[in-house]
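Heads up: the sequence lines are chains A and B, in that order.
Residues -15 to 458 in the working numbering are what the first sequence lists, from first letter to last.
Residues -15 to 458 in the working numbering are what the second sequence lists, from first letter to last.
Built from N, CA and C at the ideal position, the CB exists for glycine as well.
There are 2 protein chains.
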Amino acid sequence: MYGVILAGGSGTRFWPVSREQSPKQLQQFSGSGTMIQNTVERLLPLISIENLYVGTHQQQAFETLRQLDSFAFSPNHLLAEPCSKNTALAIGLMAKIMEDKDADAVMAIFPADHVVSNSEKFIQIIQKAETIAQKGFLITLGIPPTRPETGFGYLKKGSEIDEDAFQVEQFVEKPDLATAKGYLKNGNFFWNCGVFIWKAATILKELQKHAPDIHSQLEKLVSFLKNSDGKLGHLEFSEKGCQLFSSLPSLSIDYAVMEKSTKVALIPADIGWNDLGAWNALDEVCEKDSSGNILTGNILAQDCNNSIAHGQNRLVALLGLKDTVVVDTQDALLVCAKDRSQDVKKIVESLIDKGHPEWKLPATVKKPWGSYTVLDSGPTYLLKRIDLLPGEALSLQSHNHRSEHWTVVSGSAKVELKEEIFHLKANESITIPVNVKHRLGNPGTDLLSIIEIQFGNLLDENDIIRYEDQYDRC
Amino acid sequence: MYGVILAGGSGTRFWPVSREQSPKQLQQFSGSGTMIQNTVERLLPLISIENLYVGTHQQQAFETLRQLDSFAFSPNHLLAEPCSKNTALAIGLMAKIMEDKDADAVMAIFPADHVVSNSEKFIQIIQKAETIAQKGFLITLGIPPTRPETGFGYLKKGSEIDEDAFQVEQFVEKPDLATAKGYLKNGNFFWNCGVFIWKAATILKELQKHAPDIHSQLEKLVSFLKNSDGKLGHLEFSEKGCQLFSSLPSLSIDYAVMEKSTKVALIPADIGWNDLGAWNALDEVCEKDSSGNILTGNILAQDCNNSIAHGQNRLVALLGLKDTVVVDTQDALLVCAKDRSQDVKKIVESLIDKGHPEWKLPATVKKPWGSYTVLDSGPTYLLKRIDLLPGEALSLQSHNHRSEHWTVVSGSAKVELKEEIFHLKANESITIPVNVKHRLGNPGTDLLSIIEIQFGNLLDENDIIRYEDQYDRC
């Protein structure tokens, strides 16, 4: 069996932890591991890592690969999309790749950012679905609703077509509250959770029938796929492939196929599913203290009830709060009534409207080689800590508008400057003048941390000329 | 007329803005200017700056002087106390100093951290009080209560002894709520606000009678006073003076004199007084938006009501809050139900108990020469921005356990290193090795900002040997 994890979401509703460039599936909210790591772990009893594929935006490719490194996930099973095109195109592509490998391949699709608390039952249901999928059905899991949720689409169960599998009588758009209450009572309505199981051949045939615009380009698109030249080695499109991909329609698989096909089957799945749609959803998946609080980070709480605090290193003191969400990050803070959690996306819209940059990049920005954190800035300087992973290196580069002062504070650095090589250890400094080619590398086995002081009249990430780059970013 | 501003408070209830080493009177909460600046401004129509004295803890001396610089306040009118000894001793000392200058001096005492919204009436009342004080009374202002406050002491008005001045029939300790409600209804009870007016000779005589332990040492104590040798030039005690001061009893002037003397007179003062006792008191003194919010800093608020947010540069997003206080500082955050504002002091007690350092020093620490801000730290490094005021200099110093890397990011620096002098401008760096004598100065007319990277196995403010210091800190 093959698995596809769709990791394309941006998760604005978990701002300020999730940002456009560090979405929800790459974050950790409960227990151990990030959401995508938890998703992989959940699947491994059923699908070997060699049969697992991940689709994500190219901006997240390197961090996604890093998070999957400990599973020995193969980089060339990561498909880096040049832009967001919803689920139909990515699923079609994956189906094409799998069918090419194995004409009888059964594939299962999983969102990267959902929680399943009953993994055992989940696995049993996917196994059952595999058997039914062999018969040519498009299986979708249906979650028995536990509340009159107005934020999800629903599936109406029809007559039984196989053991514990049913026709889908109707796909229902997000209902109003009264309707949702009726669905909850009725018992025949299920949440559409975005988990699908089918033969690659089946979905391709159905795509051909219901979404020929997409289907007709899949073979060509696959031919434009190549491993990236850089160190990462993930799957990406050639320039022509990017152009073609970008030109294709952006459709959900529900809209493109499921709502139209006659082969859809529903398997009810009472598996403790949660889409973790907003901060208040942590109430359903995290352990609480005796006052109903979920507190993560450097938190001091007195007389607080049913509140959520998600912090980092900074001290957060809470006094007398009820039903409040406090999310503290280095460059942005959210304090929100818990029952307004869904509207955090409106805050993000406001930030975009008003030109605040904090919706996009987090304070610590992940890079193929590690990360950097902005620590301070002024009109003519920008102060960063650069954390460079063992064996990694930044590109050979120069800047037109800034000089840089580097001081190693931990680990050891290899610095190329003009034609010379310098080996710096902790407590040693070097200055990089404007316009001079340079490269910073970590030849050691420990993390290299340097403090970088950028100085100049234009301090912009785009003021960079790359001459060589082991991640293929030239 | 002489004035004394008592600026000794630590103001834990305004944590995290106020800290032990940056107390409430040195902070700005509303309008323009800090609380002590507002206090001086309020007095200037009545008392010339030449007749104004300030008493504060020696740790706050330099920052207090800096804040009073624009008033041309004379440094040798600032009395720097080596430790906190409540009000009786400071008032006695000030009375002694003033009586020595002018046997008939009338002096008025003002706390540095209160708000008076009706300054005109305040001035009129002080003027009236001056006249009555000439007759040998100890005048205390009584604030007509506007709520059944249980956090203040009360004064009970007796019979009239002069125009609009009354005997004090009783000093009442903080009452319970039922009693406070009775006082509010009664009309003869007033809040004791800590503003006093009297002849220096009168208070000294009364101190002699009721607090002879203190009075008997005043002359000796004054003889131990000297201008500081350093650049600040404030009044401080010689070593012997410090020892004597520290050995004397710590009493409030109320307890030591007012509750015992027969010369006390009360003048009711409906002057819009507010002691700004906690964050929720801002509701009474600050302008609000149309939803009843008071928002200071980089705040984005949606659907919030009657809330207070006090931020700095960092983005603070608030959603759906009611009656909530959010105070964001660089190294600590407070989120608190507004009606629990009084209990912020309990948070500070917890911080002390649990060994959190954030109760003591703020992230930006004021120094005689300017300030430093901690930006980042790791096991072997500490990163600071040092902001050095024009004409100022750090001490000639060395460190046993750390080296330092300095990069100028704005202004120009004069660096003494061993026997050499280096002049550094922006974008230039220098390294200070362990154990080498060095001094950083700002010879220019603009602020000098440098990024300092400390590196070593022991990174402690106390790892400093001072050889010369223009602020007399050797």
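is_contact[residue i, chain B] using C-beta, thresh 7 Å
i, result
"L460/A", "Nothing about residue 460/A can be reported from this structure: the residues present for chain A run from -15 to 458 only."
"S413/A", "yes"
"L401/A", "no"
"R324/A", "yes"
"A253/A", "no"
Chain-ordered chain B contacts of residue i [CB-CB under 8 Å]
i, result
"I331/A", "L284, Q286, A301, L303"
"L359/A", "L359, D360, L367"
"A(-9)/A", "None at all; the shortest Cβ gap to chain B is about 26 Å."
Contact test: residue i Cβ vs the ligand ADP heavy atom, cutoff 6 Å
i, result
"L122/A", "This structure lacks the ligand ADP, and indeed carries no ligand of any kind."
Per-residue contacts from residue i into chain B (C-beta, under 7 Å)
i, result
"A389/A", "Residue 389/A is actually His in this sequence, not Ala. Here the neighbours are T391, S413."
"L470/A", "In the structure as shown, chain A starts at -15 and stops at 458, and residue 470/A therefore has no counterpart that could be examined."
"V328/A", "L303"
"A262/A", "Chain B residues near A262/A: none, gap ~11 Å exceeds 7 Å."
Short CB-CB distance (under 7 Å) between residue i and chain A
i, result
"G395/B", "no"
"V319/B", "yes"
"A265/B", "no"
"L191/B", "no"
"A162/B", "no"
"D312/B", "yes"
"S459/B", "There is simply no residue 459/B to check, as chain B begins at -15 and stops at 458 in what is shown."
"A195/B", "no"
"A500/B", "Absent from the model: residue 500/B. The displayed extent of chain B is -15 to 458, so no value can be given."
"V316/B", "What sits at residue 316/B in the sequence shown is Ala, not Val. With 7 Å as the cut-off, A316/B counts as an interface residue toward chain A."
First through last residue of the alpha helix (DSSP H) which encompasses residue i
i, result
"K189/A", "184 to 194"
"T23/A", "19 to 27"
"M91/B", "Segment 90 to 95 is the beta strand (DSSP E) holding M91/B; no alpha helix (DSSP H) there."
"A117/B", "103 to 117"
"L52/A", "45 to 52"
"K80/A", "70 to 85"
Closer than 8 Å at the beta carbon, the chain A residues around residue i
i, result
"D456/B", "Under the 8 Å cutoff, chain A gives no residues; its nearest Cβ is about 31 Å from D456/B."
"T308/B", "L305, T308, V319"
"R(-3)/B", "Ordered by position in chain A, no residue passes the 8 Å Cβ test against R(-3)/B, which lies about 12 Å from the chain."
Start and end residues, beta strand (DSSP E) containing residue i
i, result
"Y365/B", "365 to 372"
"N211/A", "209 to 211"
"V319/A", "316 to 321"
"K165/B", "Where K165/B is concerned, there is no enclosing beta strand (DSSP E), although the alpha helix (DSSP H) it sits in stretches over 161 to 170."
"E268/A", "Unbroken run through E268/A is the alpha helix (DSSP H), 266 to 269; no beta strand (DSSP E)."
"L345/A", "It is not in any beta strand (DSSP E) - L345/A carries neither H nor E in the DSSP assignment."
"K141/B", "138 to 146"
"L232/A", "No beta strand (DSSP E) contains L232/A, which DSSP labels as neither H nor E."
"A253/B", "Per DSSP, A253/B belongs to no beta strand (DSSP E) and is neither H nor E."
"V420/A", "Per DSSP, V420/A belongs to no beta strand (DSSP E) and is neither H nor E."
Beta-carbon contacts of residue i that lie in its chain and below 6 Å, excluding the five residues immediately before and after
i, result
"C177/A", "L125, I127, W257"
"L432/A", "L372, G395, A397, N426"
Chain-order list of residues whose beta-carbon lies under 8 Å from that of residue i (same chain, five-residue window excluded)
i, result
"R457/A", "G214, P352, S379, R450"
Close-in-space but distant-in-sequence residues of the same chain around residue i (CB under 7 Å, 5 per side omitted)
i, result
"F406/B", "V399, I414"
"D447/A", "H383, N384, H385, R386"
"K210/B", "E220, S222"
"S143/B", "F150, Q151"
"K344/B", "R3, E4, Q5"
"Y138/B", "V156, P159, Y167, F173, F174, W175, N176"
Under 9 Å by beta carbon: chain A residues contacting residue i
i, result
"A410/B", "T364, Y365, F439"
"R26/B", "Per Cβ cutoff of 9 Å: no residues; R26/B is ~32 Å from chain A at best."
Interface residues of chain B facing residue i [CB-CB closer than 9 Å]
i, result
"S471/A", "Outside the shown range of chain A, which is -15 to 458, sits residue 471/A, and nothing can be said about it."
Listed by chain order, chain A residues near residue i by CB distance under 7 Å
i, result
"R3/B", "Ordered by position in chain A, no residue passes the 7 Å Cβ test against R3/B, which lies about 12 Å from the chain."
"D213/B", "Neighbours of D213/B on chain A: none; closest Cβ ~35 Å, over 7 Å."
>> To be precise: take each residue of the segment 338 to 354 of chain A, compare its Cβ to all Cβ atoms of chain B, and keep it if any distance is under 8 Å. Which residues remain?
In response: K338, H340, E342
> Between the segment 363 to 378 of chain B and chain A, which residues of the former have CB atoms less than 7 Å from a CB of the latter, in chain order?
Replying inline: T364, Y365, L367, R369
> What are the residues of the segment 55 to 76 of chain B that lie near chain A, defined by any Cβ-Cβ distance shorter than 9 Å?
Replying inline: none
> For the segment 423 to 447 of chain B, which residues have a beta carbon sitting closer than 9 Å to at least one beta carbon of chain A?
Replying inline: S433, I435, I437, F439, G440
>> Taking beta-carbon pairs under 7 Å, can you tell me which members of the segment 105 to 136 of chain A lie near chain B?
In response: none
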